[in-house]
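Participant:
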Amino acid sequence: MECFGQMLSEGISPNSITFQSALKACGSVGALQKGKELHGRVGMISSCNRINGLVNALMDMYAQCGAFENAWELFRELQTRDVASWNILISGYVQHGFGSEALDCFARMKKDDVFPNVVTYVNILKACSAIGEVKKGEEIHMEIERLGLLNEHYILGTALVDMYAKHGLIEKSQEVFDKLLLRDAVCWTALINGYAQLGLGDEALCRYGQMQDEGVFPETVTYACILKACSTIGALKRAEAIHSEVGRMGLLEKDSMLGNALLDMYVKCGEISRAQEVFSMLPMRDAFSWTSLISGYAQFGEYRSVFSLFRKMEKEQIEYNHLCCFAYCLQAFRPIGGGENMF
Numbered sequence: 001m002e003c004f005g006q007m008l009s010e011g012i013s014p015n016s017i018t019f020q021s022a023l024k025a026c027g028s029v030g031a032l033q034k035g036k037e038l039h040g041r042v043g044m045i046s047s048c049n050r051i052n053g054l055v056n057a058l059m060d061m062y063a064q065c066g067a068f069e070n071a072w073e074l075f076r077e078l079q080t081r082d083v084a085s086w087n088i089l090i091s092g093y094v095q096h097g098f099g100s101e102a103l104d105c106f107a108r109m110k111k112d113d114v115f116p117n118v119v120t121y122v123n124i125l126k127a128c129s130a131i132g133e134v135k136k137g138e139e140i141h142m143e144i145e146r147l148g149l150l151n152e153h154y155i156l157g158t159a160l161v162d163m164y165a166k167h168g169l170i171e172k173s174q175e176v177f178d179k180l181l182l183r184d185a186v187c188w189t190a191l192i193n194g195y196a197q198l199g200l201g202d203e204a205l206c207r208y209g210q211m212q213d214e215g216v217f218p219e220t221v222t223y224a225c226i227l228k229a230c231s232t233i234g235a236l237k238r239a240e241a242i243h244s245e246v247g248r249m250g251l252l253e254k255d256s257m258l259g260n261a262l263l264d265m266y267v268k269c270g271e272i273s274r275a276q277e278v279f280s281m282l283p284m285r286d287a288f289s290w291t292s293l294i295s296g297y298a299q300f301g302e303y304r305s306v307f308s309l310f311r312k313m314e315k316e317q318i319e320y321n322h323l324c325c326f327a328y329c330l331q332a333f334r335p336i337g338g339g340e341n342m343f
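Position one of the sequence shown corresponds to residue 1 (full-length UniProt numbering), numbered consecutively onward.
(1) Where do the N-terminal and C-terminal ends of the alpha helix (DSSP H) with Q64 fall, by residue?
(2) Can you tell me whether A261 is helix, strand or coil according to DSSP?
(3) Using the Cβ count rule (16 or more neighbours within 10 Å means buried), how would you classify M163?
(4) For a test of your reading of the model: does the CB of V94 fall under 7 Å from any non-hydrogen atom of the ligand ADP? Yes or no.
(5) Drop a sphere of 10 angstroms on the beta-carbon of D202, count the other beta-carbons inside from all chains shown, and report buried for 16 or more, exposed for fewer.
(6) Compare the C-alpha of D184 against each of T158, K172, A22, L227 and name the closest.
(7) Could you pull the start and end residues of the alpha helix (DSSP H) that V122 belongs to?
(8) Can you confirm whether the segment 87-105 touches the segment 117-124 when touching is taken to mean that 3 or more C-beta pairs between the two stretches lie within less than 8 Å?
(9) Applying the criterion that 16 or more other CB atoms from any shown protein chain within 10 Å of the CB defines a buried residue, is residue 345 buried or exposed?
(10) Below 8 Å between beta carbons: does that hold for Y297 and S305?
(11) Please check the pair S228 and A196, which I expect to be a contact at CB under 8 Å, by giving their CB distance rounded to whole angstroms.
(12) According to DSSP, is G247 part of a helix, a strand, or is it coil?
(13) Going by alpha carbons, who is nearest to A57 out of A235, F19, F217, I155?
(14) Buried or exposed: R70, going by 16 or more other Cβ atoms within 10 Å of its Cβ?
(15) Check whether the Cβ atoms of Y223 and C187 sit closer than 8 Å, and answer yes or no.
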């Protein structure tokens, strides 16, 4: 956006491609007001106003910023509403957690005889997963199978594996996974996470081993899922090996999610001192980091540590779930060999 401003200050007139790039930048960071200013500039250029790609770029900016009324207003003005235009609305709704609205859009799109593409199906599967519409997801699955798209576009397989796994249908998830000709780290992670969520830590670790055997390199989120699996079955040695691996790679300094996963794993394995070490090393501590460590101390009845952390968290103005923290405080205060003098 700085380049765009400099361009205008030098008297250079932007064209359609310039506007589209600037609008994309606004959408990616949620700069709605700046996007509206660009819309005003676009409106003054009548020739640009008739370019479908530019209108789609405006729609996309509004949808990404959650300004759906503005997006629909532009959509209604389109002379030709193609699959790209519909995908913008559907994707925007999915991005902001409006799964039902995304499915409504999908139904209207098909009613208008606009044929969905791979992007449409991926977003609709995400919508089904988000709102628990697994039956609808199964219908989409059958449609994709009929069209022979599954092996042509592995991203569809990943979306299906993820949807089934997130809703506990791990056998269906595994079935889809086994049929895929290409399985990347995202797909493996979706399956591994499905097993971990169900408490099937051994199965999750088994899939992780298979993933490594196939030469697929894990992503940060994969490591987080494996740590979750280790915590469900108390596989401390395996988790410590993962800790060493991510430490050598310098991932803990880059990703707070991974640090939180390690912290949570040590807490659940009863290694509170190791959890405290990880907590102290975290570059950024969010509400999950604090409450996870607090829960660990609470389990051991370390009420002084619980209240100390609780006060520090408030001092640092961390937003947290008050009921959850209150429950941990009560848990910590259970009499386990003394501790009647809280302060």
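Built from N, CA and C at the ideal position, the CB exists for glycine as well.
Facilitator: Here's the rundown:
(1) 52-64
(2) helix
(3) buried
(4) Annotation note on the ligand ADP: not contained in the displayed structure, which lists no ligands.
(5) exposed
(6) T158
(7) 118-131
(8) yes
(9) Lying outside 1 to 343, the shown extent of the chain, residue 345 is not represented and no answer is given.
(10) yes
(11) One detail in the question is off: residue 228 reads as Lys in this sequence, not Ser. Right, their Cβ atoms sit about 5 Å apart.
(12) helix
(13) F19
(14) Residue 70 is actually Asn in this sequence, not Arg. Buried: at least 16 other Cβ atoms inside 10 Å.
(15) no
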